[in-house]
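Here the working numbering is used: the first residue of the sequence shown is 79, the next is one more, and so on.
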Amino acid sequence: MHKRAKLWGVWLVPLIGGLVVASGAYVSVSQEPADARKELSLALQELRSQAAEAALLAEHARRGDLARIFVAEHARQLGTHMRTALVDVGAKGRDAKEPAVTAQAIDQGEIALAALQGVADAPTADAALREAGATLSGTSRALARLDVMIGGSGR
79 MHKRAKLWGV WLVPLIGGLV VASGAYVSVS QEPADARKEL SLALQELRSQ AAEAALLAEH
139 ARRGDLARIF VAEHARQLGT HMRTALVDVG AKGRDAKEPA VTAQAIDQGE IALAALQGVA
199 DAPTADAALR EAGATLSGTS RALARLDVMI GGSGR
């Protein structure tokens with residue numbers, strides 16, 4: 079009886095250990111794309127939020143609600159945050175294996191950055207601020223649609 083139990087133990091213990099390792103690897107691999115897509119969604123939401131904030135900045139600047147120096151400085155700071163968010167979207171997009179969405183998001187982010195630069199350069203020019211606000215609002219909506227495409231909330 080003892081020899082039979084020993085024979086069972088010789089092949090059963092490694093088999094159980096192998097199954098535990100294999101199931102652990104399966105769980106980590108199967109959850110990775112969903113987690114990566116969620117991370118990409120969060121990065122898209124951050125970039126969208128910054129574009130929406132920049133659109134509000136342009137709108138309030140156009141109406142004359144804000145001081146020129148505040149508008150220029152806030153636009154520059156938002157630009158710095160947007161550049162960081164663009165890098166984050168690129169990295170998260172590669173992890174999520176969503177090259178098309180990532181490329182579109184980066185394109186939209188660069189459009190937003192250009193519009194925001196216009197706000198920083200001409201914080202009192204009515205026509206430039208109106209155009210920048212419209213561009214930034216459109217960019218924000220486009221980024222929300224991209225977020226919905228990958229299964230995010232679009233908020």
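C-beta: ideal position from N, C-alpha, C; glycine also.
Put simply, the backbone Cα of methionine 227 is about 21 Å away from that of methionine 160. In the pairwise beta carbon analysis, the stretch 137-147 is classified as not touching the stretch 112-127: fewer than three pairs are separated by under 8 Å.
Boundaries of the alpha helix (DSSP H) harbouring threonine 213: 204-227, taken from the DSSP string. A straight-line Cα-Cα distance of about 31 Å links aspartate 166 and threonine 202. About 15 Å separates the beta carbon of leucine 214 from that of leucine 122, a gap too long to meet the 8 Å contact definition.
When only Cα atoms are considered, glutamate 209 and glycine 230 end up about 29 Å apart.
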